Amino acid sequence: MKLTKTGTKTFSGIDWLLVLFTIPVLGAGLITMKSFTGESTFFSHQLIWIGISFAVMFALSFIDFRFLKRTDVLVTLFLIFSGLLVLLFFIGHKAGGAQSWFDLGSFSFQPSDMMKIIVILMLAKYFSRRHIEIGNIKHIFISGLYAFIPFVLVFLQPDFGSAITIFFIWFGIALVSGISKRHLLLILGIIAVAFVFLWGFVFKPYQKARIINFVEPLSDIRGTGYNVYQSTIAVGSGQFTGKGVGFGTQSRLKFLPEYETDFIFAAFSEEWGFVGVMILFILIGLIMWRVLKLSLLGTSNFEILFGLGLSIYFMTHFIINIGMNIGIMPVTGIPLPFMSYGGSHLLTEFIGLGILMGIGRYQRVAHQDDLRNEFLGI
Numbered sequence: 021m022k023l024t025k026t027g028t029k030t031f032s033g034i035d036w037l038l039v040l041f042t043i044p045v046l047g048a049g050l051i052t053m054k055s056f057t058g059e060s061t062f063f064s065h066q067l068i069w070i071g072i073s074f075a076v077m078f079a080l081s082f083i084d085f086r087f088l089k090r091t092d093v094l095v096t097l098f099l100i101f102s103g104l105l106v107l108l109f110f111i112g113h114k115a116g117g118a119q120s121w122f123d124l125g126s127f128s129f130q131p132s133d134m135m136k137i138i139v140i141l142m143l144a145k146y147f148s149r150r151h152i153e154i155g156n157i158k159h160i161f162i163s164g165l166y167a168f169i170p171f172v173l174v175f176l177q178p179d180f181g182s183a184i185t186i187f188f189i190w191f192g193i194a195l196v197s198g199i200s201k202r203h204l205l206l207i208l209g210i211i212a213v214a215f216v217f218l219w220g221f222v223f224k225p226y227q228k229a230r231i232i233n234f235v236e237p238l239s240d241i242r243g244t245g246y247n248v249y250q251s252t253i254a255v256g257s258g259q260f261t262g263k264g265v266g267f268g269t270q271s272r273l274k275f276l277p278e279y280e281t282d283f284i285f286a287a288f289s290e291e292w293g294f295v296g297v298m299i300l301f302i303l304i305g306l307i308m309w310r311v312l313k314l315s316l317l318g319t320s321n322f323e324i325l326f327g328l329g330l331s332i333y334f335m336t337h338f339i340i341n342i343g344m345n346i347g348i349m350p351v352t353g354i355p356l357p358f359m360s361y362g363g364s365h366l367l368t369e370f371i372g373l374g375i376l377m378g379i380g381r382y383q384r385v386a387h388q389d390d391l392r393n394e395f396l397g398i
């Protein structure tokens, strides 16, 4: 065990503060599931997945991940998971209108979850070598291709939420890599044109309904707006201190759908109120602080960009999930990290943390001026 300059005791690269901050968020999810599910297996299954995820994270923290800087390794991983995304169209399990899962009996696997981590690694590798040349717009389009391929494969499932997450991972890493404002405006213009095309020729009626409902969520509370309407009622009814564990009427009486997964934040808010939500937000902020802190201790731009990409991945999930729970974003099926039920996304989140902690095994504590000069290329 050693003490780093971050003030955190580490053993084999494990950041115990980060582990400590995730535990109450995991606990909040478990308590919320246990409150309403009765004889359901959600609680016990999630508990098993938490144990597996922690074991995987601790195991990964012992690995020296410098081999991930090798192009052949990353390309192989990218091709494998791209192939799995293609395979979904033929043998994937369809649920909730999307063919996004491999049904393996007692276990389901969603390749798009791990693909998000692969995209972060690919972009970290690409931009780490080209931070000085980032002013050249060709690098924006080449890097965009790494995200565009999985974006399209995931979008066509259709899994709109995961596709949007992949886009924001690319967009966020490109921004922190030093993209120019002129190029940013150009990209936003291309996105606007693409959206018009997608609206006219690609989006399915239910996807259009979700977007329309985003603008005016209460316009169809008996149809596309029902989930959001019930979610906002649950969040608002929690008031300051909440109704108490197990007394959330919207969830207990089954008005709030999918309170174990997509709308677990609404169920939690109804039970714990404003006070509980503020504590949850503080914990989320602390998790993000530790992820960013660890990323800035990387040995090179690759480690730094991976950590920043991982933080973008988490924040995208947090913002979209909470946004759809309070009625300011469309329902996209994005889980709330560390809280929503599901083994696939939970395992992926801890794999990301495990890689980040594994990177810490060979980190050097750089002088801040040297680190800034290296990262910015000045």
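Under our numbering, the letters of the sequence shown match residues 21 to 398, in that order. All C-beta atoms in this analysis are idealised placements derived from N, C-alpha and C, irrespective of residue type, glycine included. All values derive from a computational prediction rather than experimental measurement.
Give the DSSP-derived three-state secondary structure of residue i in the structure shown.
i	result
residue 114	strand
residue 119	strand
residue 129	strand
residue 184	helix
residue 34	strand
residue 135	helix
residue 52	helix
residue 393	Low per-residue confidence applies at residue 393: pLDDT is 49, beneath 50, and the placement is therefore not dependable enough to give any value.
residue 91	helix
residue 359	coil
residue 280	coil
residue 40	helix
residue 217	helix
residue 225	helix
residue 178	coil
residue 345	helix
residue 86	helix
residue 261	coil
residue 320	coil
residue 336	helix
residue 157	coil
residue 164	helix
residue 64	helix
residue 399	The structure shown does not extend to residue 399, since the chain is modelled only from 21 to 398, so the question has no answer here.
residue 385	Because the pLDDT of residue 385 is 43, which lies under 50, any placement of that residue in the model is unreliable, and the number read from its coordinates should be weighed accordingly. Coil.
residue 252	helix
residue 199	coil
residue 206	helix
residue 378	helix
residue 71	helix
residue 302	helix
residue 331	helix
residue 398	Note that residue 398 scores a pLDDT of 41, beneath 50, so its modelled location is shaky and nothing firm can be said.
residue 124	coil
residue 170	helix
residue 103	helix
Out of the options, point me to the one whose CA is closest to residue i's CA.
i	options	result
residue 265	88, 293, 43	293
residue 111	128, 43, 95	128
residue 62	363, 332, 39, 311	363
residue 280	78, 39, 50	50
residue 70	367, 380, 375	367
residue 316	358, 215, 328	328
residue 145	85, 336, 361	85
residue 356	194, 323, 107, 339	339
residue 305	90, 334, 68, 343	334
residue 123	108, 174, 134	108
residue 36	207, 343, 314	314
residue 89	83, 142, 361	142
residue 260	291, 82, 228	291
residue 54	359, 319, 187	359
residue 318	380, 365, 283	380
residue 401	282, 225, 221, 226	Past the boundaries of the shown model lies residue 401; the chain is included only from 21 to 398, so the question cannot be answered.
Going by the beta-carbon positions, is the gap between residue i and residue j smaller than 7 Å?
i	j	result
residue 205	residue 45	no
residue 162	residue 97	no
residue 223	residue 52	no
residue 180	residue 42	no
residue 298	residue 331	no
residue 296	residue 268	no
residue 248	residue 286	no
residue 325	residue 148	yes
residue 157	residue 203	yes
residue 93	residue 87	yes
residue 119	residue 177	yes
residue 370	residue 77	yes
residue 174	residue 132	yes
Could you round the C-beta distance between residue i and residue j to whole angstroms and report it? I think they count as a contact, below 8 Å.
i	j	result
residue 189	residue 253	So it is not a contact: roughly 33 Å between Cβ atoms.
residue 183	residue 171	5 Å
residue 38	residue 310	4 Å
residue 185	residue 336	5 Å
residue 197	residue 378	That belief does not hold up - the Cβ atoms of residue 197 and residue 378 are roughly 23 Å apart, past 8 Å.
residue 130	residue 361	Not quite, the Cβ-Cβ distance comes to about 13 Å (not below 8 Å), so this is no contact.
Does the distance between the C-beta of residue i and the nearest non-hydrogen atom of the ligand SAH fall short of 6 Å?
i	result
residue 143	No copy of the ligand SAH occurs in the structure displayed, which carries no ligand at all.
Problem - Given 8 Å, three or more beta-carbon pairs between the region 160 to 167 and the region 343 to 354 - result: no
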